[in-house]
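*Asks:* Take this structure, written in structure tokens, and hold onto it; I'll ask about it next.
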Amino acid sequence: MRIGIIGTGHMGRALGLRWARIGHQVLFGSRDLDKAKAVAEGGSGLTRAGDFDAAAAFGDAILYTVRGVYPSALLREPAALSGKILIDCNNRDLAMIAVQPNFVSTQLNRSRHWQSSSLPIYRVRA
Ligand SMILES: NC(=O)c1ccc[n+]([C@@H]2O[C@H](COP(=O)([O-])OP(=O)(O)OC[C@H]3O[C@@H](n4cnc5c(N)ncnc54)[C@H](OP(=O)(O)O)[C@@H]3O)[C@@H](O)[C@H]2O)c1
Numbered sequence: 004m005r006i007g008i009i010g011t012g013h014m015g016r017a018l019g020l021r022w023a024r025i026g027h028q029v030l031f032g033s034r035d036l037d038k039a040k041a042v043a044e045g046g047s048g049l050t051r052a053g054d055f056d057a058a059a060a061f062g063d064a065i066l067y068t069v070r071g072v073y074p075s076a077l078l079r080e081p082a083a084l085s086g087k088i089l090i091d092c093n094n095r096d097l098a099m100i101a102v103q104p105n106f107v108s109t110q111l112n113r114s115r116h117w118q119s120s121s122l123p124i125y126r127v128r129a
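This note's numbering applies: residue 4 is where the sequence shown begins, and numbers increase by one.
The structure is reproduced here in structure tokens:
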């Protein structure tokens with residue numbers, strides 16, 4: 004599977020490198036390309052580096068680890084997530100929804116706000 008990692012901190016690094024180890028293709032996306040490259044170099048030939056949009060476009064599944072910032076604010080093309088599985092590491096979302104009500108979607112989240120969005124993203128809480 005092709006997996007895009009948005010945010011190359013603890014969770015992004017740990018999960019992305021393990022997924023690559025078992026044979027998945029992984030693109031690490033960061034706001035700092037050098038950081039993404041350093042993480043990708045720690046993996047196998049199946050790992051590569053890019054920015055957040057590259058990770059969103061690359062993955063069939065996306066791991067989202069940036070806390071407090073929704074994809075609609077982070078990505079130039081949030082629609083790239085459409086139809087994909089979005090694994091959200093963040094533990095809290097209701098407070099974030101309150102401050103950023105225009106976030107795109109999910110079909111699995113309990114919140115009415117998330118369910119009412121227009122992009123068909125399948126969001127999985129990790
Ligand atoms: N569900 C679980 O079991 C579980 C377990 C652990 C953590 N979590 C949650 O998962 C989330 C990520 O945890 P983590 O330990 O991976 O955090 P982390 O190490 O701080 O990594 C967060 C990543 O997001 C990037 N980032 C942060 N703010 C940003 C912004 N404003 N714009 C662009 N990029 C930004 C950081 O980039 P830079 O490196 O450039 O700063 C970093 O790569 C947190 O919400 C945490 O509470 C959940």
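Think of the CB as a built atom: it goes at the ideal place given N, C-alpha and C, for glycine as much as any other residue.
Determine whether the beta carbon atoms of Ala58 and Leu30 lie at a separation below 8 Å.
*Replies:* In this structure, Leu30 lies closer than 8 Å to Ala58 by Cβ.
*Asks:* Would you say the beta carbon of Val29 is closer than 7 Å to some non-hydrogen atom of ligand 1?
*Replies:* Val29 Cβ: outside cutoff for every heavy atom of ligand 1.
*Asks:* Taking the beta strand (DSSP E) that Ala52 falls in, what are its first and last residues?
*Replies:* Thr50 to Gly53 is the extent of the beta strand (DSSP E) around Ala52.
*Asks:* Would you kindly report the start and end of the unbroken alpha helix (DSSP H) that includes Ala83?
*Replies:* Unbroken run through Ala83: none, as it is neither H nor E.
*Asks:* Here's the rule: buried if 16 or more other CB atoms are within 10 angstroms of the residue's CB, otherwise exposed. What is Met14?
*Replies:* Looking at its Cβ environment, which holds 16 or more other Cβ atoms inside 10 Å, Met14 is buried.
*Asks:* Figure out for me which residue from Asp35, Arg79 and Ser85 has the closest Cα to the Cα of Thr11.
*Replies:* Among Asp35, Arg79 and Ser85, the Cα nearest to that of Thr11 belongs to Asp35.
*Asks:* Consider the C-beta atom of Ser21 and the heavy atoms of ligand 1; say whether any pair is separated by less than 7 Å.
*Replies:* One detail in the question is off: residue 21 reads as Arg in this sequence, not Ser. Answer for Arg21: no, Cβ out of range of ligand 1.
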